[in-house]
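Please read the structure below before turning to the comments.
Number of protein chains: 2
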Amino acid sequence: MRGPEVPEVVVVRLPLYVRALTTMLTEGLEVVSSQQLGSRLLMTPAQIRKDLSYFGRFGKQGRGYNVRFLLQELRRILALDIEWRACLVGVGRLGRAIINYPGFAPEAFNIVAAFDHDEEQVGTKVGDILVRSMSELPSTVESLGISIGIVAVPATQAQRVIEHLVANGVRGILNYAPVAPKVPEGTVIRNIDPVLSLQSMTFYLRESLQTTPA
Amino acid sequence: MRGPEVPEVVVVRLPLYVRALTTMLTEGLEVVSSQQLGSRLLMTPAQIRKDLSYFGRFGKQGRGYNVRFLLQELRRILALDIEWRACLVGVGRLGRAIINYPGFAPEAFNIVAAFDHDEEQVGTKVGDILVRSMSELPSTVESLGISIGIVAVPATQAQRVIEHLVANGVRGILNYAPVAPKVPEGTVIRNIDPVLSLQSMTFYLRESLQTTPA
DNA sequence: TGCAGGTCGTGCAAAAGTTCACAAGTTGTT
DNA sequence: AACAACTTGTGAACTTTTGCACGACCTGCA
């Protein structure tokens, strides 16, 4: 039905381009070639051109890409030109840090509600966000137009919480719990898991650590 | 010189196996087939068997894998059977949250030192970690045997800080700054970047948001 | 013992992803 | 106007990754 299916790897790279182009724009650069972009991002120019070609023709031969225009197009493609509302579930230490993280809002990702299972927490405020009871989740998601759920609960509860979110219409999950939850078709999940990152890193560090004697 | 080069995708999946096997062990499961493991991790059994085959033959035909044994082997391969010492650079809100994150220590990743550029912070304690001056970094890395650097500084300073770490012998970088720093050959970097995750997520959410009318 | 049901490890084929290489077009200079 | 220097977009070649399918083997039961 839709056009040529875009590989997920390509979609995952687009935000990298958005970020690099944003920087370039603030540097006053008006035009950029796939060559230049590639050397900044450590990628081949061909890959950048191929990636972009899934979505249209944004460049000009002999010249390159207009930074402002390409940026605007990529933001539109990724739907970054609209505000996204998220809720946080789990207001423990990690949850509090996430609410206070200053990196989301400038990118138009706004955490507009927080929930916690612990009734002691309910009614308190974290930053300027009111902590609500889990029972208020359905109505709050509905009334505030929340489409993303940020999960910062213990691993044991993550699957259940995510199912609850999905059942109430939340289609995007940003999961900080150290598990890989299963989600139904049509739901998008991204896992933030520093321990997994470290655990694959050590495979490579091992070698440089143990110096082999002659 | 070394055996058949192991693809990085494979290495990145190993920690997933480690985690699933750990859970299974606590559940009292003694033997597991690639089939079972695959259905838990949402992967094909063939992929699991192929991945493991890069490192040896751990299973028994007709039976499967001994959970305890496979887990032990994988932990050895990933070098998770030794303690890893890390330092944190940047003791802002994010850095404090990282120090207090309870997920590292149980996996034998220990943050044993913290540094900050801000002399006001130096000398204070975060949790039970003393904040040191950047000038103490070289000697501290050396004396405490630190091999991993966790970077939680503003984006503008990340590249510089990482170069400083690498120059002092730190070969593994866990970067929380929203940039993709360049690192020299032989250094392993992993980026934790929730904004990028969200920005690729919205591409898929966009569609389900805008319901196409008939 | 013989056989049915299961599972591993792996060569091979298919699929997915990356890079090459070139026609076509742009820009600036002489 | 002609040309040199660039750069895009893309089909084709190549590389990497995934999945299939089957021989070999294990286990338990009749």
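Residue numbers (our numbering), protein chains in the order written: chain C, 33 to 246; chain U, 33 to 246. Positions of the beta carbon are idealized from the N, C-alpha and C atoms, including for glycine. Because the structure is a prediction, the values reported are computed rather than measured.
Residue of the options minimising C-alpha distance to residue i
i: V185 of chain C; options: C:V215, C:D150 and C:Y236; result: C:D150
i: I64 of chain U; options: U:S85, U:R95, U:T55 and U:L48; result: It should be noted that the sequence gives Val, not Ile, for residue 64 of chain U. Selected option, being the one with the closest Cα: U:R95.
i: L46 of chain C; options: C:N223, C:G181 and C:R108; result: C:R108
i: A129 of chain U; options: U:I143, U:E139, U:W116 and U:P138; result: U:I143
i: G181 of chain U; options: U:S167, U:V198 and U:T188; result: U:V198
i: Y208 of chain C; options: U:P226, U:I80 and U:L112; result: U:P226
i: I161 of chain U; options: U:L61, U:C119 and U:L230; result: U:C119
i: L110 of chain U; options: U:F141, U:L61 and U:T156; result: U:F141
i: L176 of chain C; options: C:G60, C:E115 and C:T219; result: C:E115
i: H196 of chain C; options: C:Q153, C:F147 and C:V154; result: C:F147
i: E174 of chain U; options: U:V154, U:N200 and U:G155; result: U:N200
i: G124 of chain C; options: C:G218, C:E152 and C:Q93; result: C:E152
Exposure label - residue i; buried when at least 16 CB within 10 Å
i: L106 of chain C; result: buried
i: V41 of chain U; result: exposed
i: T234 of chain U; result: buried
i: E139 of chain U; result: buried
i: R164 of chain U; result: buried
i: P213 of chain C; result: buried
i: E239 of chain C; result: exposed
i: A78 of chain U; result: exposed
i: A137 of chain C; result: exposed
i: G122 of chain U; result: buried
i: L230 of chain C; result: buried
i: L228 of chain U; result: buried
i: G155 of chain C; result: exposed
i: L69 of chain C; result: buried
i: G250 of chain C; result: Coverage of chain C is limited to positions 33 through 246, which leaves residue 250 of chain C absent and any answer about it impossible.
i: T76 of chain U; result: exposed
i: V61 of chain C; result: In the sequence under discussion, the amino acid at residue 61 of chain C is Leu, which differs from the Val named in the question. L61 of chain C should be labelled exposed.
i: D113 of chain C; result: exposed
i: R222 of chain C; result: buried
Distance between beta carbons of residue j and residue i, contact taken as under 8 Å
i: V99 of chain C; j: L169 of chain C; result: So it is not a contact: roughly 42 Å between Cβ atoms.
i: R81 of chain U; j: S66 of chain U; result: 5 Å
i: L74 of chain C; j: G204 of chain U; result: Not a contact, Cβ separation roughly 18 Å.
i: L126 of chain C; j: Y97 of chain U; result: No, L126 of chain C and Y97 of chain U are not in contact; Cβ-Cβ is about 33 Å, not under 8 Å.
i: A145 of chain C; j: T188 of chain C; result: A145 of chain C to T188 of chain C, Cβ: 23 Å. No contact.
Whether residue i touches residue j by CB criterion (8 Å)
i: V202 of chain C; j: V193 of chain C; result: no
i: Y86 of chain U; j: V38 of chain U; result: yes
i: V255 of chain U; j: A190 of chain U; result: Outside the shown range of chain U (33 to 246) lies residue 255 of chain U, about which nothing can therefore be said.
i: L206 of chain U; j: I178 of chain U; result: no
i: S232 of chain C; j: V44 of chain U; result: yes
i: L57 of chain C; j: L103 of chain C; result: yes
Per DSSP, cross-strand counterpart(s) of residue i
i: R117 of chain C; result: C:N142
i: N223 of chain C; result: C:N207
i: F90 of chain C; result: For F90 of chain C, which the question treats as bridged, DSSP gives no partner whatsoever.
i: D148 of chain C; result: C:S165
i: K157 of chain U; result: U:L162
i: Y49 of chain U; result: Answer is none; Y49 of chain U lacks a bridge partner.
i: I180 of chain U; result: U:A118 and U:G204
i: V64 of chain C; result: C:Y97
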